[in-house]
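Residue numbers (the numbering used here): 13 to 446.
A short worksheet on the structure shown next.
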Ligand code: NOJ
């Protein structure tokens with residue numbers, strides 16, 4: 013191991029989708045104490061950091077990616093004391109907790125947004141992206157949000173539209189406003205002062221909005237995908253350098269950006285000493301079966317040679333310009349066996365799936381980069397015969413969010429209550445114990 017390497021280049025990270033990992037209080041939903049209970053298990057696996065999906069106070073319109081208060085833990089997941097306990101207990105085992113910073117948007121229930129929406133004249137009136145309707149009352153631009161439908165929602169109280177890259181319950185913050193940036197840096201520093209080991213920066217390529225003008229329609233709805241209009245636009249790096257200066261400087265943490273829209277050729281501006289983060293997630297191997305990155309229902313055939321070329325390119329890139337997380341699934345993606353080995357998914361006794369999982373595991377732990385294991389790795393989803401459900405089955409994010417399978421006991425040992433999402437029926441044979 014080279015001496016100049018940082019701790020996060022020499023460890024394994026485990027992404028924990030908190031709702032589905034381990035339920036300590038029997039309400040069917042995973043929680044912070046549930047994670048603390050499993051720290052020894054994680055240590056045994058060689059995990060040095062946990063990327064924890066959002067556990068802040070939230071109405072859960074997007075399972076926590078809609079934050080109502082960055083300084084509070086959602087009661088579904090526990091309390092701030094539970095969080096402090098988790099950070100401390102993890103620390104004792106050499107495991108660092110990495111928080112998910114959702115800074116492109118908040119919840120529409122965040123007090124910042126409620127104030128901003130209360131009228132045009134208030135101290136936070138410019139904290140979100142507000143625009144008048146067009147003369148005919150329609151939305152200011154033809155943009156489609158990432159989940160589908162207009163990217164603008166009308167606010168009766170304010171008498172204007174607000175912009176949202178994701179759900180209407182997730183209004184986008186206005187990063188042009190220095191007060192907003194200051195508030196966000198304060199949030200990040202609050203968590204660092206608690207001792208967290210870094211941040212995963214959610215949807216971070218969308219924070220800088222270019223001129224708000226119509227785009228070329230790219231779908232039957234006559235709208236233009238917001239991704240094409242706002243991802244990684246001119247000036248974004250100025251914001252992110254400021255973030256690095258104000259948050260990371262002098263701290264031994266790592267940052268990893270969810271960087272949809274960053275091209276391989278730009279990597280050196282995004283990661284490393286000259287860049288803004290330590291790593292960015294690179295999605296080309298995840299998009300291998302899509303015709304284009306804005307339409308999840310349009311799939312294409314691909315070959316092993318394509319996958320090899322994509323991984324080869326990204327490996328060469330990191331060798332020269334930086335460092336990548338190595339990952340084959342996460343809470344937004346299909347299970348990796350279904351995704352990369354669709355032809356073995358039906359096998360009766362699971363032996364072919366195990367083989368496929370070993371292949372992916374071997375890749376994961378031998379490629380250059382930091383392995384980011386998702387806790388569903390090695391557990392895959394069954395198939396449905398109904399053709400109409402095919403696309404949903406393949407791309408539904410729920411498939412990646414079913415409860416963790418710990419044992420062959422009832423509900424796979426995830427909860428003593430009713431699990432929030434059904435446990436995969438293969439749990440009696442396919443579980444962490446066995
Ligand atoms: C990316 C997250 O991974 C996803 O789960 C979420 O829906 C969006 N960002 C919006 O925050």
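Glycine residues also receive a C-beta, built at the ideal position from the N, C-alpha and C atoms.
From a predicted model like this one, the values you see are computed outputs, not experimental measurements.
Spatial distance of residue i from residue j (CA atoms)
| i | j | result |
| --- | --- | --- |
| residue 112 | residue 152 | 31 Å |
| residue 261 | residue 201 | 11 Å |
| residue 282 | residue 270 | 11 Å |
| residue 418 | residue 32 | 11 Å |
| residue 429 | residue 40 | 5 Å |
| residue 264 | residue 412 | 31 Å |
| residue 439 | residue 114 | 33 Å |
| residue 302 | residue 337 | 21 Å |
| residue 72 | residue 254 | 30 Å |
| residue 20 | residue 209 | 10 Å |
| residue 120 | residue 186 | 14 Å |
| residue 423 | residue 362 | 20 Å |
| residue 319 | residue 300 | 7 Å |
| residue 420 | residue 414 | 15 Å |
| residue 97 | residue 91 | 10 Å |
| residue 197 | residue 258 | 7 Å |
| residue 373 | residue 355 | 18 Å |
| residue 431 | residue 364 | 28 Å |
| residue 179 | residue 16 | 43 Å |
| residue 442 | residue 436 | 9 Å |
| residue 352 | residue 171 | 48 Å |
| residue 43 | residue 205 | 22 Å |
| residue 36 | residue 57 | 21 Å |
| residue 316 | residue 81 | 45 Å |
| residue 227 | residue 240 | 8 Å |
| residue 395 | residue 93 | For residue 395, the predicted model reports a pLDDT of 37, less than 50, meaning its position is unreliable and no value from the coordinates is stated. |
| residue 168 | residue 223 | 25 Å |
| residue 330 | residue 380 | 8 Å |
| residue 110 | residue 212 | 7 Å |
| residue 339 | residue 49 | 25 Å |
| residue 280 | residue 446 | 43 Å |
| residue 313 | residue 375 | 22 Å |
Heavy atom of ligand 1 within 7 Å of residue i beta-carbon
| i | result |
| --- | --- |
| residue 181 | no |
| residue 215 | yes |
| residue 341 | no |
| residue 178 | yes |
| residue 114 | yes |
| residue 294 | no |
| residue 184 | no |
| residue 29 | no |
| residue 93 | no |
| residue 449 | Shown here, the chain extends from 13 to 446; a query on residue 449 therefore has no answer. |
| residue 10 | Since the first residue of the chain shown is 13 and the last is 446, residue 10 is not available in this structure. |
| residue 12 | Any question about residue 12 goes unanswered here, given that the chain covers just 13 to 446. |
| residue 270 | yes |
Contacting residues, own chain, Cβ-Cβ under 7 Å from residue i (five flanking each side not counted)
| i | result |
| --- | --- |
| residue 221 | 141 and 242 |
| residue 397 | Because residue 397 carries a pLDDT of 49, less than 50, the predicted location of this residue cannot be relied on, and the following value inherits that uncertainty. So no residue of the chain qualifies. |
| residue 218 | 116, 177, 242 and 243 |
| residue 233 | 156 |
| residue 192 | 139, 185 and 186 |
| residue 290 | 20, 266, 267, 268, 283 and 335 |
| residue 237 | 156, 230 and 306 |
| residue 143 | 152, 172, 173 and 224 |
| residue 392 | Note on residue 392: pLDDT 32, under 50, position unreliable in the model; the coordinate value appears next. Closer than 7 Å at the Cβ level, and outside the excluded window around residue 392, lie 347, 349, 350, 357 and 365. |
Rounded distance between the beta-carbons of residue j and residue i, thought under 8 Å
| i | j | result |
| --- | --- | --- |
| residue 288 | residue 268 | Actually they do not touch by this definition, with Cβ atoms about 11 Å apart. |
| residue 326 | residue 296 | 7 Å |
| residue 100 | residue 62 | At roughly 13 Å, the Cβ-Cβ gap does not stay under 8 Å, so residue 100 and residue 62 are not in contact. |
| residue 65 | residue 382 | In fact, because the Cβ distance is near 18 Å, the residues do not count as touching under 8 Å. |
Start-to-end residues for the alpha helix (DSSP H) that takes in residue i
| i | result |
| --- | --- |
| residue 67 | Where residue 67 is concerned, there is no enclosing alpha helix (DSSP H), given that its DSSP letter is neither H nor E. |
| residue 374 | 363–378 |
| residue 348 | 348–352 |
| residue 53 | 51–56 |
| residue 411 | No alpha helix (DSSP H) contains residue 411, which DSSP labels as neither H nor E. |
| residue 268 | First-last for residue 268: 266–270, but that is the beta strand (DSSP E), not the alpha helix (DSSP H). |
| residue 127 | 123–129 |
| residue 98 | 92–104 |
Residue interval of the beta strand (DSSP E) (run including residue i)
| i | result |
| --- | --- |
| residue 213 | 210–213 |
| residue 179 | Per DSSP, residue 179 belongs to no beta strand (DSSP E) and is neither H nor E. |
| residue 242 | Note, residue 242: premise wrong, no beta strand (DSSP E); alpha helix (DSSP H) at 238–242. |
| residue 172 | 172–175 |
Contact set for residue i: own chain, Cβ-Cβ below 8 Å, skip 5 residues either direction
| i | result |
| --- | --- |
| residue 182 | 73, 74, 77, 78, 117, 118, 119, 120 and 176 |
| residue 59 | 23, 24, 25, 26, 107 and 385 |
| residue 86 | 67, 68, 69, 70, 72 and 76 |
| residue 251 | 187, 193, 219 and 220 |
is_contact[residue i, chain B] using C-beta, thresh 8 Å
| i | result |
| --- | --- |
| residue 434 | You won't find chain B in this structure, because it holds only one protein chain. |
Cβ-based neighbour list, residue i, same chain, cut-off 6 Å, excluding 5 preceding and 5 following
| i | result |
| --- | --- |
| residue 434 | none |
| residue 247 | 220 |
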